[in-house]
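Here the sequence shown stands for residues 7 to 1245, where the numbers follow this note's numbering.
Below: the structure, in C-alpha cells.
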Amino acid sequence: MGRQVLLCFSLAFVGCVLGQISYSIPEEMSRGSLVGNIAHDLGLDVKRLQSRKARIHTGGSEEYIQFNKERGVLVIKEKIDREALCGQTTPCALHYEIVLENPIEVFPFIVEVTDINDNPPLFDLEERRFEISESAVVGSKFMLEKAIDPDIGLNGLQSYTLKPTDNFILKLHGQTESDKKVEMILQKTLDREKQEIVSLLLTAVDGGEPQRSGTMLIHITVLDANDNAPVFTQSMYKASIKENAAKGTLITQVSATDADKGSNGEVSYSIGNRRGSTSKLFQITDDGKILLNGPIDYEKAKNYKIDIEASDRGGLSDSSKVIIEIGDINDNSPIIRMISKSDSIRESSPSQTVVAVMNVNDPDSEENGKVHCVINKNIPFAISTTANNLYNIITDSELDREQASQYNITVTCSDEGVPSLSSSVTLSLQISDVNDNAPVFDRSSYEAYIVENNSPGLSIFSVKASDSDWSQNARVSYILEDSSVNGVPVSSYVSVSADSGVIHAVRSFDYEQIKDFQFCVKAQDGGSPPLSSNVTVKILVQDQNDNGPQVLYPVQTGGSLVAEMVRRSADVGYLVTKVVAVDVDSGQNAWLSYKLQKAADRALFEVGLQNGEIRTIRQVTDKDAVKQRLAVIVEDNGQPSRSATVIVNVVVADSFPEVMSEFTDFSHDKQYNDNLTFYLVLALAVVSFLFITCVVVIISVKIYRWRQSRVLYHSNLPVIPYYPPRYSDTLGTATLPHVYNYDTCRTTDSRKSDCKFGRAGSQNVLIMDPSDINDNSPIIRMISKSDSIGESSPSQTVVAVMNVNDPDSEENGKVQCVINKNIPFAISTTANNLYNIITDSELDRERDSQYNITVTCSDEGVPSLSSSVTLSLHISDVNDNAPVFDRSSYEAYIVENNSPGLSIFTVKASDSDWSQNARVSYILEDSSVNGVPVSSYVSVSADSGVIHAVRSFDYEQIKDFQFCVKAQDGGSPPLSSNVTVKILVQDQNDNGPQVLYPVQTGGSLVAEMVPRSADVGYLVTKVVAVDVDSGQNAWLSYKLQKAADRALFEVGLQNGEIRTIRQVTDKDAVKQRLAVIVEDNGQPSRSATVIVNVVVADSFPEVMSEFTDFTHDKEYNDNLTFYLVLALAVVSFLFITCVVVIISVKIYRWRQSRVLYHSNLPVIPYYPPRYSDTLGTATLPHVYNYDTCRTTDSRKSDCKFGRAGSQNVLIMDPSSTGTMQRIQSEKSILDEPDSPLEV
C-alpha cells in the first residue's frame, strides 16, 4: 500500500482549510484494513479530532472508507471491487472530505484503488460456428468474438492464441490489446472431401500474476464453392449523435458488397462483441443502417466503438469499425450536496465566519458544466467558492439577534447551458442570543412625590426597564445602589422590589427634616456576565399641616410677671405689643392669622389679623382695670388648621412705681423653687449613682481577671491539648488504630498503585488445537457515538452504535458483549453485528455527571479472547431541581432598638443543578405585618440571602412576626421554593418604672397622715409602679432613698408598702419627707423616684395649723440650689472623664490588636510528632511498608502497617488553633471513639 501527500494549503479568508492528501490501496482489501493515518498527515492531534466531531463526508457515493476517531486513522469499511466501481476508468479514485466543526474546516483527500488480477478474460460465447466454402481463397478474413477482461493494465487482456494452426492463423488490428479486432485468416485452402469439420481453440491470456485465461471453441463446417467474401466500402466509419436522441434514431449506414451471385452474394450485417453493454444500445438493420436502441448519456460515455461484421451465405465475412461520438446537451442541473452546516450561530460571531460548506457539481461538460452560485440578497451573509467545487456560506457583516433572530438562506446554483438549469437549497439558521444589550429604562430619570407622615412600606411608584435580549439574558432585576442621604444609607429610606421595580418607603418621612432626596436604581439582566444600567430617582416630600404655630414673643414662662404697660393717656390705635409666631410648615400651611380669643374688655384692644399687633381701639379711661389679661390665638391656614394660644398681660399705668405697687403683694411662687430643688437633687443622685457604679464595675472586672490569671498560673491540673479530630496517633503501633472498611484495586502497573499484590499461586495451562485457533480478539468499531446526553432523555435512547466482528470461525468467532454494571445503560444487539448502547433507566446529572461506559466483547473460544472500549459520556444538565433551603423554617432573634440596616441572619439555599441553573436568587415574598408591607420591616439580599432590618424595632409595639423568602434559580423556566422565617424581637431595658401612686404634682401639699398612736408596722401608704418592659426588665424593687428619720419608716422591697418600724412619739417631727426609689432588674437598671409627704398628727385641723405658718426660706433655697448645681457639675465632670478614659483605653487596645492581626508573621502552632494528617488524601501521607491479604470478601480484609520510618511534625494552619478555653470546653471530644475511616 502506498501513500503520497500531494498538496496541503490553507485559505484563511474562508475559515476552511482545504488540502489534497492521496492514499493508494489495492482492491479487495478486507474490512478494517488500514488505509492511512489521516491525523498524522493533517498534523492534528487525535483528541482535537474527537473534540471537534471529525467525520467523513462521502459526497453521495458509497462509504467504503471509515474514520476511526480513537486512533485517528482511515480503515476499510466495505470491500472495494475496482471493476464494479470504476470499470475501465483509470485512475480509479474515491474523493472524500474530513469535516471538522467548531469552527468548520474541510480537509479533502483521495483514495486511489489499484487493480489486482482477480478477473480472467472471458468470451461472450463458449463456442462459435462458421460455414466456410472450400473454395475460399487464402487470405480470407473471419472476424472472431473479442474476449473481455474487466482488469486493466498488465492485469488486462494481453494476447490471443489459436490452435491448431494448420489452416488458419490469427491477425490482430488495433492500438491496445483490449481494443484489438481479432480476425481469423485462412492460410491454407480447405478441402471438404478430406475434412468436413475443422475444430479450433481460441485462448485469451492476461498478464497478471498469477496469469489467467479464457477459451472459446470454434467449429468450422466446410461448404462447397463461395468464391468472394463481402467487402466494406470503408474500414472505419465515424458518426455522431446527441445524448438526448430518441430510440430508433438513424446514426449512420454501413455498406458491404459481395461479387458473388445468387445467395452467395447476399450480405447480412451484425454487431460484434455482444457481451458488452454496447450491443444493447445500438442495432443494425439488414440494409446496414445503425439505429439507436437505448438511452445514451454523455456523462457516462463520451463515445462508443462498434465492430460491424458483414457475412454472406457462403460463410465469408468482412468487418469494419464504427466510432460514434456522443454530443453533450445541458440535461443535468447542478447537484448541491451539503457537507457541513450549523443550525445556529452566535450573534457575536466575527465576520467571515463559516456557517455552511457545500459541494456543487454539474456532470455536464464545457459551458453546460460551469456553475455559478448566489444567495438571496439583503441578508448579512455571502457565498464564496474554493477549490474542488466547494462553496462556503460566510457572514459578511455583524449579526444582531434583536433585529433578526432567524435567517432562511437560499442558495441557487445555475449552469451556463442554453437553456440554463439551476438547483437550490434553503438553510434555516437560528441566531443564538448573546448578552450584548443592557436593560434600558423607559425614562432617563424619575421624579415622584410622597406626602410626609406616610406609613412605612407605602408603595411610592415603579421603575421599569426592558432588555431586548432573549430568555435569561432579558430577565431584569432591580437593585438599589448603595448611597447615603444626610449620612444615612439610602436603604433606610426606600427599598426596591427586585422583580417588579416597585419602590417602597421604608420609613415615615418628615418634610421639616428632609424635603427631597435622590438615589440610583440599577437594572441588571440575568446574562453571564450580567449587564446593567442605572437611573436616577428623585423623591420629593410633600408637606402636611402637622405642625402648629410656635409663639416667639411674648415668651411664656411659668408664673411670669412680665407685662406690657399702657399709659392712661394712650390714644386710639396705640401699639401695645406685637405677637410674633412662626410655623415650620411650608406654603399655605405656614400662613398665620391672629385673633383675640379672650379679654377682660374686648372694647379696649384689638389684634391685627395678619401682623399680630395689639392696639387700643378706644381711649383708655380711669375706669379701666389696671391688670388686663388677653388671650391671643394664632392659627395657620392648613387643612385642618392648627393653632397656638399666648397670654399677654397688660398693665394700665402711667409710671413704673405705680406698676410695682400693684405687684408688691405678688409673693414668689414656692412651687418653682421646690421643683428646681427636687430636679437638682434627682440629677445629682443619678449622676453620682452612675459614676459609682462605673467605678465599682471597673474594679470588679480587674480583680476578677487578676484572680483568673492566678488560678490558671498556680493550677495543678494537667493541661490536655486539643487536636482536631482529623489527626490520629501514628506512634508506630503495629496496626491501624481503628478498624477500616476499604476496597483495593489492581492496575496494569502495580508499581504505581497504593497496594502491591504478590503473584497468584496458580499457573494456567493452554491446550492447543491444531485446527482453527482463537488467535483474533473481537474487533470493535465505533460507528457513531454521543459525547453528551441530556439527563431528561427517555429510556431506550441510543447513545452509541458500534460494529463488533471476530475474524475467527465457528465458536471462536461468536461474540458476546457486555458493559460495566451499576450504570443506567444497557447494550443490545441488532443485525449485521451491530450493537447499540442505550439508556435503560432515568438519568440524573446531580447523582452522576459523567459515565465511563466500558464495553467488553468476548468470543467463545478457549481461552476466550476479549477486547474492550471505553466511552466517556457526559450528562448535560436540565433545570429539574428547585433550590432547597438548608432548614425547613428559620427562627432568628433581634434585640429591639436596633439600627436600621442591621444584618439579622442569613438564609441559605442550594441547587443541585449546574451553572446558570444552580444560580440562586433570594426574593422577599409580598405579605403584610399588622397591615404594613413586610418590606418595610426587613429586606433580603438577592445574591447572599442576608436579611437586614429596615427599621428599628420596639418590643413594646411588636414582639414577633413572620414572612416568606423565595429562593429562585436561574434556569428557564426558573424553579423556586419558599421558606418561612420568624423574627422574634428581644426586649431591652429601655423603659424606666412609671409611678402610678402617689400622683406627683408640682408643689403639691398632699400628704399621708400617720396618727401618733400608730403601732409598729402601721401601713402609711403604698407606692404603686409599673414597667412596660417584660421579663426581668419589669421586675421592680422599692427602696427608701432619703428620709428625715430612717428609724421611723421602711419600704417593702417587693410590694412598695411604707410602714412604721417603731412606735411614733411626741418627739417625732410633724412633717416627714420620704424619697422612695423604684428600680427595675434590667441591665443596666432604670429607676424612678417618688416623694411621699407624711404628716404625724391625730387630726386634720392640727395638720392645717402646721402648714399655715409654713413660709419658704428664700435664702435657704438659694444656697441649697447653688450647692446642688455645683455638686452636680463636679460629679458629672468626673463621670464623663471616666467614660472618656475607658473608651480611649479600649480604642488603643483595639488598634494594637489590629496591628498584630494584620502582621505577616506566620503563627505556627506545634503539635506532638505522633499526630499526622489523615484528612483522606488520595494516598497515605507517608511511606509505609505493609502487607495485604486477599480474601473472597475484600471489604472485610485488614491492612497491617509497619512502623513509620520517620517521626513527623505537623504544621497546622493558624485558623485551626484554638484558645485554652476552647480546649477545655471541647475536652470531651477526646473521650469519644473515633469514627471509622474508609480507605
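Yeah, the Cβ is synthetic: ideal placement off N, Cα and C, and Gly gets one too.
Query raised in the report: With a Cβ-Cβ cutoff of 8 Å, do G618 and Y600 count as a contact?
Result: On the sequence shown, position 612 is the one that residue 618 refers to. On the sequence shown, position 594 is the one that residue 600 refers to. Closer than 8 Å, so yes.
Report task. Compare the Cα-Cα distances from L176 to each of I203, F148, D157 and report the closest residue. Result -> Translated into positions along the sequence shown, residue 176 becomes position 170. That would be F148, whose Cα lies nearest to the Cα of L176.
Query raised in the report: If you draw a straight line from the alpha carbon of R957 to that of A1050, how long is it in whole angstroms?
Result: As a first step, residue 957 must be located in the sequence shown, where it is residue number 951. As a first step, residue 1050 must be located in the sequence shown, where it is residue number 1044. So the alpha carbons of these two residues sit roughly 49 Å apart.
**Report entry** At least 3 beta-carbon pairs within less than 8 Å: the segment 858-873 vs the segment 805-818
**Finding:** With a cut-off of 8 Å, the segment 805-818 and the segment 858-873 count as touching, because enough Cβ pairs lie within range.
Report task. Note the first and the last residue of the continuous beta strand (DSSP E) segment covering D854. Result -> Against the sequence shown, residue 854 aligns to sequence position 848. Element bounds for D854: n/a, residue is neither H nor E.
Requested in this report: Just mark Y729 as buried or exposed, buried being the case when its beta carbon has 16 or more other beta carbons within 10 Å.
Outcome: In the sequence shown, residue 729 corresponds to position 723, counting from 1. Residue confidence is low: Y729 scores 43 on pLDDT, short of 50, so the model does not pin down where it sits. Its coordinate-derived value is still stated next. By the C-beta density criterion, Y729 is buried, having at least 16 other C-beta atoms within 10 angstroms.
**Report entry** Under 8 Å between C-beta atoms of I639 and S647
**Finding:** If you number the sequence shown from 1, residue 639 lands on position 633. If you number the sequence shown from 1, residue 647 lands on position 641. Using a Cβ distance threshold of 8 Å, I639 and S647 do not count as a contacting pair.
Query raised in the report: Expressed to the nearest angstrom, what Euclidean distance is found between the alpha-carbon atoms of N270 and V143?
Result: Counted from its first residue, the sequence shown places residue 270 at position 264. Counted from its first residue, the sequence shown places residue 143 at position 137. N270 and V143 have their C-alpha atoms spaced approximately 15 Å apart.
Query raised in the report: Given that a residue counts as buried once 16 or more other Cβ atoms are within 10 Å of its Cβ, and exposed if not, what is V469?
Result: Along the sequence shown, one-based indexing puts residue 469 at 463. Buried is the call here.
Requested in this report: Quick one: give me the first and last residue of the alpha helix (DSSP H) that S57 is part of.
Outcome: Working through the sequence shown from its first residue, we reach residue 57 at position 51. S57 -> alpha helix (DSSP H) spans 52-57.
Report task. Assign F288 to buried or exposed, taking buried as 16 or more other Cβ atoms, counted over all protein chains shown, within 10 Å of its Cβ. Result -> Taking the first residue of the sequence shown as 1, we reach residue 288 at position 282. F288 should be labelled buried.
Query raised in the report: Just reading off the beta strand (DSSP E) that V531 is part of, what are its end residues?
Result: Translated into the one-based positions of the sequence shown, residue 531 becomes position 525. Correcting the residue identity first, residue 531 is Asp in this sequence and not Val. 522-531 is the span of the beta strand (DSSP E), which, as asked, contains D531.
Requested in this report: May I have a chain-ordered list of the beta strand (DSSP E) segments no shorter than 3 residues that lie completely inside the segment 772-853?
Outcome: Listed in chain order, the complete beta strand (DSSP E) runs (minimum 3 residues) inside the segment 772-853 are 785-791, 794-796, 804-811, 821-825, 831-835, 840-845.
Query raised in the report: What's the C-alpha gap between N885 and Q802?
Result: One-based indexing of the sequence shown puts residue 885 at position 879. One-based indexing of the sequence shown puts residue 802 at position 796. Going by the C-alpha atoms only, they are around 22 Å apart.
Query raised in the report: Of all the beta strand (DSSP E) runs that stay within the bounds of the segment 1005-1071, which reach a length of 3 or more residues?
Result: Counting only runs of at least 3 residues, the segment 1005-1071 fully encloses the following beta strand (DSSP E) elements, listed from N- to C-terminal order: 1014-1016, 1025-1028, 1030-1032, 1042-1048, 1055-1057, 1063-1066.
Requested in this report: Report the three-state DSSP secondary structure of R134 (helix, strand or coil).
Outcome: Walking along the sequence shown from the start, residue 134 turns up at place 128. Looking at R134 - three-state DSSP - the assignment turns out to be strand.
Query raised in the report: What is the C-beta distance between S371 and Y304, in whole angstroms, given that I count them as a contact (C-beta under 8 Å)?
Result: Your numbering for residue 371 matches position 365 in the sequence shown. Your numbering for residue 304 matches position 298 in the sequence shown. A Cβ-Cβ distance of about 7 Å is found for the pair S371 and Y304, placing them in contact under the 8 Å criterion.
Query raised in the report: Can you pull the DSSP bridge partners for E111?
Result: Position 105 of the sequence shown holds residue 111. According to DSSP, which records beta bridges pairwise, E111 is partnered with L106.
Report task. Compare the beta carbon distance of D960 and P999 with 8 Å and say whether it is the shorter of the two. Result -> The residue labelled residue 960 in the question sits at position 954 within the sequence shown. The residue labelled residue 999 in the question sits at position 993 within the sequence shown. No; because the gap between Cβ atoms is not below 8 Å, this pair is not in contact.
Query raised in the report: Helix, strand or coil: which one does DSSP assign to Q974?
Result: Here residue 974 is taken as the residue at index 968 of the sequence shown, counted from 1. In the structure shown, Q974 sits in a strand (DSSP, three-state: E or B).
Query - Anticipated Cβ contact below 8 Å, Y243 with V188, distance rounded - result: On the sequence shown, residue 243 is found 237 positions in, with the first residue counted as 1. On the sequence shown, residue 188 is found 182 positions in, with the first residue counted as 1. Rounded, the Cβ-Cβ distance is 19 Å, inconsistent with contact.
**Report entry** In DSSP terms, what G333 is bridged to
**Finding:** Locating residue 333 in the sequence shown gives position 327, counting from the first residue. Paired residue(s): K248.
Query - Minimum C-alpha distance to A1075 - residue among V940, P1017, P170 - result: Taking the sequence shown and counting its residues from 1, the one referred to as residue 1075 is at position 1069. Ranking V940, P1017, P170 by Cα distance to A1075 puts P1017 first.
Query - Residues near N540 in its chain [Cβ-Cβ closer than 6 Å; skip 5 each side] - result: In the sequence shown, the residue the question calls residue 540 occupies position 534. Taken in chain order, the residues that qualify are C526, K528.
Report task. With a cut-off of 8 Å on the beta carbons, I'd call D155 and G145 a contact; round off their distance for me. Result -> Walking along the sequence shown from the start, residue 155 turns up at place 149. Walking along the sequence shown from the start, residue 145 turns up at place 139. So it is not a contact: roughly 29 Å between Cβ atoms.
Report task. At 3 residues or longer, and completely inside the segment 331-394: list those beta strand (DSSP E) runs for me, N to C. Result -> Those beta strand (DSSP E) runs which fall completely within the segment 331-394 and span 3+ residues are 341-347, 350-352, 360-367, 377-381, 387-391.
Query raised in the report: With burial defined as no fewer than 16 other Cβ atoms inside 10 Å of the residue's Cβ, what is the status of M344: buried or exposed?
Result: By one-based count along the sequence shown, residue 344 stands at place 338. So M344 counts as exposed.
Query raised in the report: Count the other CB atoms within 10 Å of the CB of T876; is the residue buried (16 or more) or exposed (fewer)?
Result: Stepping through the sequence shown from its first residue, residue 876 is reached at position 870. Classification of T876: exposed, given that the 10 Å Cβ count is below 16.
**Report entry** Length at least 3, wholly inside the segment 897-985: the beta strand (DSSP E) runs in chain order
**Finding:** Here the runs fully enclosed are 909-912, 926-930, 944-946, 952-955, 966-975.
Requested in this report: Would you tell me roughly how many angstroms separate the C-alpha atoms of L322 and K286, rounded to the nearest one?
Outcome: Looking up residue 322 in the sequence shown gives position 316. Looking up residue 286 in the sequence shown gives position 280. Whole-angstrom Cα-Cα distance: 25 Å.
Query raised in the report: So, S348 versus A362, is the Cβ gap smaller than 8 Å?
Result: On the sequence shown, position 342 is the one that residue 348 refers to. On the sequence shown, position 356 is the one that residue 362 refers to. For S348 and A362, yes; Cβs fall inside 8 Å.
Query - Beta bridge counterpart(s) of T258 as assigned by DSSP - result: Here residue 258 refers to the residue found at position 252 when the sequence shown is read from its first residue. BP columns for T258 point to I296.
Requested in this report: State buried or exposed for G977, treating a residue as buried only when at least 16 other CB atoms are found within 10 Å of its CB.
Outcome: The residue labelled residue 977 in the question sits at position 971 within the sequence shown. Classification of G977: buried, given that the 10 Å Cβ count is 16 or more.
Query raised in the report: Can you list, in chain order, the residues of its chain whose CB lies under 7 Å from that of N460, leaving out five sequence neighbours each side?
Result: Counting from 1 along the sequence shown, the entry for residue 460 is found at position 454. Excluding residues within five positions, the ones whose Cβ falls inside 7 Å are A511, S514, F515.
Report task. Quick one: residues in its chain with C-beta nearer than 7 Å to the C-beta of E1056, no 5 flanking neighbours on either side, listed in chain order? Result -> Translated into the one-based positions of the sequence shown, residue 1056 becomes position 1050. Take E1056, set aside five residues on each side of it, and the residues of its chain with a beta-carbon closer than 7 Å to its own are L1046, R1065, I1067, in chain order.
Requested in this report: Locate the beta strand (DSSP E) running through L207, then write down its first and last residues.
Outcome: Within the sequence shown, numbered from 1, the residue matching residue 207 stands at position 201. 203-212 is the span of the beta strand (DSSP E), which, as asked, contains L207.
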